[in-house]
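K.L.:
Input: one structure, supplied below.
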Amino acid sequence: MVRSPVLVINSGSSSLKFSVFDMHTGREVLAGLAERLGSPEALMSWQGEGAKQHRAIPDQGHDGALREVHSLLDDVGTLVAIGHRVVHGGEAFSGSVVIDEAVIEGIEGCASLAPLHNPANLLGIRAMQRLYPSVPQVAVFDTAFHQSLAPEAYLYAIPIRLYREQRVRRYGFHGTSHQYVAGEAVHRLELDPQDHGLITAHLGNGCSAAAIHNGRSVDTTMGMTPLEGLVMGTRSGDVDPGLHEFLAEKLGLTLAEITAMLNRESGLLGLSALSNDMRTLTEAAQSGNGDAQRAIEVFCFRLARQIGALAASLPRLDALVFTGGIGENAAPVREQVLKRLPLFGFECDTALNNQHGDDRGRINAPGTTTAVVIPTREEWMIANDAFQLTHPSSGVE
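Below you can see the structure in the form of structure tokens.
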């Protein structure tokens, strides 16, 4: 049996990720994914101590998937807490909180800022409350880490009444990941916790970068929604706001159709007309696919440009940190990005980069500005927050 097991739930619109951690060892003892929920092809896969397993769960939604998860927990022991990833906390939440009805109302109040995410997150919360009514549950917000941004970093240059009345501003996302890898970088590189400057790049299907000064986020690339900023798997990142009117007039598209296109049909997928997966694009580019090559080049250029912009928010730059599925695994992307940043003293060590870093994750050439690869542990951060908030005298971190 697991000592002090904590369940982590990440409930998406049509998928659900779950993990269980032994809080006394920090070990992930169970992890899985239910995907294509609500469709005849709904499938759940998971891995515990043995081989990876799969189970068809046709037409099951979030409640059905979570009942399946519940059935897997018999060997885990009695849960001591459940942590939920919640994408948008707006200005209402600057840290993780134990969930009660007031918190749920606050999450609902932020739903208009993340209509694709917060309602799905709430589905997971409500379902787990029904399944585990006596287990304390905690919400961990993607936006919370970035609540330290100053007004000059979070305000848009639009009529101030829109911020005061509607809270239109930049919020930032992936905060759990940025916070974790920044802390790891300070530890691995033996930086002063009270005096350091980092840029962290979380690169996956969703991508964002952040400037971190002395453990606090001071700038980030995502904005009011996860659409702003870097080129992503299917999201465009930054575009001219006038694009909406242009496409509406030229193609007769509605605002909703344009927004859906920018979220689901753009980014690497749109540029390449092939795939949103960097592995597929890298293979295609090596085989001579020009669209795939250009998609990668745009991705790397935009990332390098944003890294340069984020550096302006820091008094100094001690290290650049790569994380996320692309950041941790796509050596050619990291090398291309560093080659675009000689102004900041970066130079890639190809051998170290190809092995994804030395024992501390460093991929830079000796005597050049530090660049490191650090695997993110978002689920562990959520589990730890949930455990610490519900068991504050445990002493486990």
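For the sequence shown, this note's numbering assigns the number 12 to the initial residue and increments by one for each residue that follows. We put the CB at the ideal spot given by N, CA and C, even for glycine.
#1: Please name the residue or residues paired with E39 in a DSSP beta bridge.
#2: Tell me the rounded alpha-carbon separation between E116 and F104.
#3: Taking the alpha-carbon positions, what's the R78 to A45 distance?
#4: Grab the span of the alpha helix (DSSP H) containing S188 for me, first residue to last.
#5: Should P204 be labelled buried (16 or more other beta-carbon atoms within 10 Å of its own) or exposed?
#6: Is DSSP giving M55 helix, strand or coil here?
#7: I need the straight-line Cα distance from S286 to M243, nearest angstrom please.
#8: When DSSP labels each residue in this structure, what does I269 get in the three-state scheme?
#9: Mind checking which residues open and close the beta strand (DSSP E) that includes D230?
#10: Please return the same chain residues whose Cβ sits closer than 7 Å to the Cβ of Y143, not counting the five positions on each side in sequence.
#11: Excluding the 5 residues flanking G100 on each side, which residues of the same chain have their C-beta closer than 7 Å to its C-beta?
#12: Give a yes or no on whether the C-beta atoms belonging to S24 and A131 are separated by under 7 Å.
#13: Can you find the residues in the same chain that come closer than 6 Å, C-beta to C-beta, to L18, ignoring five residues on each side of it along the sequence?
#14: Give me the Cβ distance between H367 and V384, rounded to the nearest whole Å; I'm assuming they're in contact under 8 Å.
#15: My guess is that N129 and V108 are in contact by the Cβ rule of under 8 Å, so how many angstroms apart are they, rounded?
#16: With distances taken Cα to Cα, identify the nearest neighbour of V192 among V80, S404 and R388.
#17: For G356, does the count of other Cβ atoms within 10 angstroms reach 16, so buried, or fall short, so exposed?
#18: Just reading off the alpha helix (DSSP H) that I93 is part of, what are its end residues?
#19: With DSSP run on the structure shown, which of helix, strand or coil describes E46?
#20: When DSSP labels each residue in this structure, what does L264 get in the three-state scheme?
#21: Using the rule of at least 16 other Cβ atoms within 10 Å of the residue's Cβ for burial, across every protein chain shown, is L262 buried or exposed?
#22: Near R178, which residues of its chain fall below 7 Å by C-beta distance, leaving aside the five closest residues on each side in sequence?
#23: Going straight from the alpha carbon of R313 to that of R275, what length do you get?
#24: Going along the chain, which unbroken runs of the beta strand (DSSP E) with 3 or more residues stay wholly within the segment 92–172?
#25: Kindly give me the distance between the Cβ atoms of G208 and L328, rounded to whole angstroms, as I take these residues to be in contact under 8 Å.
#26: Please determine if the segment 358–377 and the segment 162–181 are in contact, where contact requires at least 3 C-beta pairs separated by less than 8 Å.
#27: Give the secondary structure of A284 by DSSP, where H, G and I count as helix, E and B as strand, and everything else as coil.
#28: How many whole angstroms separate the CB atoms of H224 and S188, which I take to be in contact at a CB cut-off of 8 Å?
#29: If contact is defined by three or more beta carbon pairs under 8 Å, each pair taking one atom from either stretch, is the segment 168–186 in contact with the segment 296–315?
#30: By alpha-carbon positions, which one of I20, E52, T232 and P237 ends up nearest to L124?
#31: Looking only at C-alpha atoms, which of D302, P326 and Q297 sits nearest to P343?
#32: For V114, count neighbouring Cβ atoms within 10 angstroms of its own Cβ and tell me buried if that reaches 16, exposed if not.
#33: For H65, which residues does DSSP report across the bridge?
#34: With a threshold of 8 Å on Cβ separation, who are the neighbours of A222 within its own chain once the five nearest residues in sequence on each side are excluded?
#35: Which word fits A284, buried or exposed, when buried means at least 16 other C-beta atoms lie within 10 angstroms of its C-beta?
#36: Check I318 in the structure and name its three-state DSSP category.
P.N.:
Reading off the structure:
#1: Residue pairing by DSSP places E39 opposite F32 in a beta bridge.
#2: E116 and F104: Cα-Cα distance of roughly 12 Å.
#3: Using only the alpha carbons, I get a separation of about 11 Å.
#4: The continuous alpha helix (DSSP H) containing S188 extends over residues G186 to R199.
#5: Exposed is the call here.
#6: Three-state DSSP puts M55 in a strand.
#7: Taken atom to atom, the span from the alpha-carbon of S286 to that of M243 is near 11 Å.
#8: In the three-state reduction of the DSSP assignment, I269 falls in the helix class.
#9: Judged by DSSP secondary structure, D230 falls within the beta strand (DSSP E) whose first and last residues are R227 to T231.
#10: The beta carbon of Y143 sits closer than 7 Å to those of L90 and I93, all from its chain and outside the five residues before and after it, given in chain order.
#11: The answer, listed in chain order, is C121, F152, T154 and A155.
#12: Yes, they are a contact pair.
#13: When the five nearest sequence neighbours on each side are left out, the beta carbons in the same chain lying within less than 6 Å of the beta carbon of L18 are those of V31, L90 and I93, in order along the chain.
#14: About 5 Å; that satisfies the 8 Å criterion.
#15: In fact, because the Cβ distance is near 15 Å, the residues do not count as touching under 8 Å.
#16: Answer by Cα proximity: R388.
#17: Looking at its Cβ environment, which holds fewer than 16 other Cβ atoms inside 10 Å, G356 is exposed.
#18: From DSSP, I93 is part of no alpha helix (DSSP H) but of the beta strand (DSSP E) over A92 to V97.
#19: DSSP places E46 in the strand class (E or B) of the three-state scheme.
#20: DSSP places L264 in coil when its eight states are reduced to three.
#21: Sixteen is the threshold: since fewer than 16 other Cβ atoms of the shown chains lie within 10 Å of the Cβ of L262, the residue is exposed.
#22: Cβ within range, chain order: G101 and E102.
#23: In a straight line, the C-alpha of R313 is about 19 Å away from that of R275.
#24: List check, beta strand (DSSP E) in window: 92–97 and 148–152.
#25: That belief holds up - the Cβ atoms of G208 and L328 are roughly 5 Å apart, short of 8 Å.
#26: No: fewer than three Cβ pairs fall under 8 Å.
#27: Correct three-state label for A284: coil.
#28: No, H224 and S188 are not in contact; Cβ-Cβ is about 18 Å, not under 8 Å.
#29: Short answer: they don't touch.
#30: Of the candidates I20, E52, T232 and P237, P237 places its Cα closest to the Cα of L124.
#31: Relative to P343, the option among D302, P326 and Q297 whose CA is nearest is Q297.
#32: With 16 or more Cβ atoms within 10 Å of its Cβ, V114 is classed as buried.
#33: Looking at the DSSP assignment, H65 forms a beta bridge with S56.
#34: For A222, same chain residues with a beta-carbon under 8 Å away, outside a window of 5 residues either side, are G208, L209, I210, S228, V229, D230, T231, L321, A322, S324 and L325 in chain order.
#35: A284 should be labelled exposed.
#36: Assignment of I318 by DSSP, reduced to helix, strand and coil, places it in the helix class.
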